[in-house]
Structures are given as structure tokens and as C-alpha cells.
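Residue numbers (mature numbering (1 follows the signal peptide of the UniProt record, and there is no 0)): -18 to -1, 1 to 248.
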């Protein structure tokens, strides 16, 4: 019965994520935050982290999209390479040749091109969520992003955390994150479709009424669980577990989360 419910949610959103896997012990779809299984041996947005997420049964991986000085699309969360690679420079200030020589202090992995991520997602049968960290409305670059998604048959199932500047370009080309207020505004616009968006709100602000409304409207709902949200909590483990149980109870079946918090799903 739960499996049927999960599939219905995806169908109502207008996209059946046919290539996505369901976590082995429960009927939930998990999105690995910051590029996969990130731990003491795997760097964020690295190939080992991505492959570990595929092996564990994640449905999707979230990666952070940036661009180099010579216009190569890469995945990198932080604004500089200092934390993992010891280089206090931004991707936009370095060429790909320079960046490709960097090695992480955690596991020795290298920075990935965006296309390498997509190629491995395609091979591993996993979908992609893109956190767009490219400034401005760089439509030439954004066309390249869509072209690459199409090349690896990943556009239909992809999700994006967009920027204000990029939303006009990507609307209708990829599902974009919204809160309920934004969705209600978008509903009044010409050519609105629930297939263009997904509800993506921090647990603190997500209500049962919002979830119910989104489902009625045929909008996909994605829950969020990551360590940043609980940085100031005195009891983070308790608060995280409480929020996971709350969102499960509300009928949410898709979760973007740090892999360290995936125990309830496996």
C-alpha cells in the first residue's frame, strides 16, 4: 500500500522517476546532499561519495554547480577550495587545468566536472538535483546545462535549487524549488504547470497544511534534513529525528538529507 502511495505522489507531480530507486527497507526516495555519502573518507561532491550513494540505494544525488575561469562546469559546494583542497581561491578565479590538479585532504579525490557527475548518474541509475551556484543570468551557460542533462537522459527527472536570476530561464525546463507562497503566485501566471516546480521548505516552516495543499495541486514535496539546519540546536539528534518522523507522518516520501542522518530509511 505504501509503495502504491509513493508512486501516486510521483505521478501526480507529472513525472514518474522511473530510474529512481527506493531505499531498501522503506518506500522513500532519498537525495544525497552535497554529492553523495560524505564522511571521514569521502569528500563532498566527489566520485567516491557519488558511487557510495549509488551503491547504498539513493534515488538522487544533489550537487553544487559552479563554473571555472575558462567556463568549465564543475561541482563544488564552498565558494573557495580551502576546506578540502587547501587552496583559498574560487572556481571562477582558476582554470580547469589548475583545478584538475587539486587533491582533497580527505581521501585524495579530485574535483569533478559536472558532466562526469551526469555520466556516473546515468550509469548508476540515479537522478540529479542541481544547486545552481552560478551568479547572474548566464543563459549561454544555462543552455549547456540543459544540453548535458538531455545528453544523459536526466532532464526529465532532474530537480534544481535555482537562483532568482536563473528562474526565468529554467522554468519549464527543469523542476524548480518553491515555497507555498511562491507556488500560489506562479499559479496565476500564464503557462503554469505543477510539473515545473516542487515544494522545498525547511521543516521548521513546513506545515501539514502545506503538504496536503501541494499534493492536491499535484506538486512534488521534498523534505530537507541537513546539519546546517540544526547548527544551533542543543539537542540536534533529537530534533532531527523528530522532524523526520513529523515529515513521514505528513506523507512526505522524498527527502534531501546529509547521509549521516539516513539511518531511519535503511
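Ideal Cβ placement from N, Cα and C applies to all residues, glycine included.
For this session: Output the distance between the C-alpha atoms of residue -6 and residue 202, rounded to the nearest integer angstrom.
Result: Numbered from 1 along the chain shown, position 13 holds the residue referred to as residue -6. Numbered from 1 along the chain shown, position 220 holds the residue referred to as residue 202. Low confidence applies here, because residue -6 scores a pLDDT of 46, under 50, leaving its location unreliable and the question unanswered by this model.
Problem set entry | Where residue 152 falls: helix, strand or coil (DSSP) | Within the chain shown, the letter at position 170 stands for residue 152. It is helical.
Exercise. Helix, strand or coil for residue 220 per DSSP?
Worked result: As a working mapping, residue 220 is identified with position 238 in the chain shown. It is helical.
For this session: Report yes or no: do the region 27 to 41 and the region 89 to 100 share at least 3 C-beta pairs separated by less than 8 angstroms?
Result: yes
Problem set entry | Residues of its chain near residue -12, where Cβ-Cβ distance is below 6 angstroms and the 5 sequence neighbours each way are ignored | Walking along the chain shown from the start, residue -12 turns up at place 7. Any reading at residue -12 needs caution, since the residue's pLDDT is 42, under 50, leaving its predicted position unreliable; the model's value is listed next. Contacts found: none.
Problem set entry | Given residue 20 as reference, the closest of 240, 178, 70 and 61 once Cα atoms are compared | Counting from 1 along the chain shown, the entry for residue 20 is found at position 38. Per the Cα distances, 240.
For this session: Check the C-beta distance from residue 155 over to residue 128 and give it rounded, since I have them as a contact under 8 angstroms.
Result: Position 173 of the chain shown holds residue 155. Position 146 of the chain shown holds residue 128. Yes, residue 155 and residue 128 are in contact; Cβ-Cβ is about 5 angstroms, under 8 angstroms.
Exercise. So what's residue 69 in DSSP terms, helix, strand or just coil?
Worked result: Within the chain shown, numbered from 1, the residue matching residue 69 stands at position 87. Residue state, collapsed to three classes: strand.
Exercise. Roughly how many angstroms separate the alpha carbons of residue 204 and residue 70, rounded to a whole number?
Worked result: The sequence position of residue 204 within the chain shown is 222, counting from 1. The sequence position of residue 70 within the chain shown is 88, counting from 1. Looking at the two C-alpha atoms, the distance is approximately 34 angstroms.
For this session: Can you give me the start and stop residues for the beta strand (DSSP E) that residue 110 sits inside?
Result: Taking the first residue of the chain shown as position 1, residue 110 is located at position 128. Note, residue 110: beta strand (DSSP E), 109 to 114.
Problem set entry | Neighbourhood of residue 78 by C-beta, 7 angstroms cutoff - its chain only, sequence neighbours within 5 removed | Counted from its first residue, the chain shown places residue 78 at position 96. Result list for residue 78: 50, 52 and 54, in chain order.
Problem set entry | Span of the beta strand (DSSP E) around residue 45 | Mapped onto the chain shown, residue 45 falls at position 63. Run containing residue 45: 42 to 49, per the beta strand (DSSP E) assignment.
Problem set entry | Residue burial classification, residue 91 (beta-carbon count within 10 angstroms, cutoff 16) | Residue mapping note: residue 91 aligns to position 109 of the chain shown, counting from 1. Under this definition residue 91 is a buried residue.
Exercise. In three-state DSSP terms, what is residue 233?
Worked result: If you number the chain shown from 1, residue 233 lands on position 251. Reduced to three states, the DSSP call for residue 233 is coil.
Exercise. Between the Cα of residue 160 and the Cα atoms of 196, 138 and 130, which residue gives the shortest distance?
Worked result: On the chain shown, position 178 is the one that residue 160 refers to. Closest option to residue 160, Cα to Cα, is 196.
Problem set entry | Buried or exposed (CB count within 10 angstroms, at least 16 for buried), residue -15 | Within the chain shown, the letter at position 4 stands for residue -15. Any reading at residue -15 needs caution, since the residue's pLDDT is 41, under 50, leaving its predicted position unreliable; the model's value is listed next. Its Cβ having fewer than 16 others within 10 Å, residue -15 is exposed.
For this session: Take residue 145 and list the residues in its own chain whose beta-carbon comes closer than 7 angstroms to its own, dropping the five residues that flank it on each side.
Result: The residue labelled residue 145 in the question sits at position 163 within the chain shown. Correct list, in chain order: 114.
For this session: Closer than 8 angstroms by C-beta to residue 183: which residues in its own chain qualify, once you throw out the five before and the five after it? Chain order, please.
Result: Translated into the one-based positions of the chain shown, residue 183 becomes position 201. 161, 162, 192 and 206.
For this session: Compare the beta carbon distance of residue 237 and residue 12 with 7 angstroms and say whether it is the shorter of the two.
Result: Locating residue 237 in the chain shown gives position 255, where the first residue counts as 1. Locating residue 12 in the chain shown gives position 30, where the first residue counts as 1. In this structure, residue 12 lies closer than 7 angstroms to residue 237 by Cβ.
For this session: Keeping to the same chain, check which residues put their C-beta closer than 7 angstroms to that of residue 36; ignore five residues upstream and five downstream.
Result: As a working mapping, residue 36 is identified with position 54 in the chain shown. Within the same chain, residue 36 has close Cβ partners 106 and 108.
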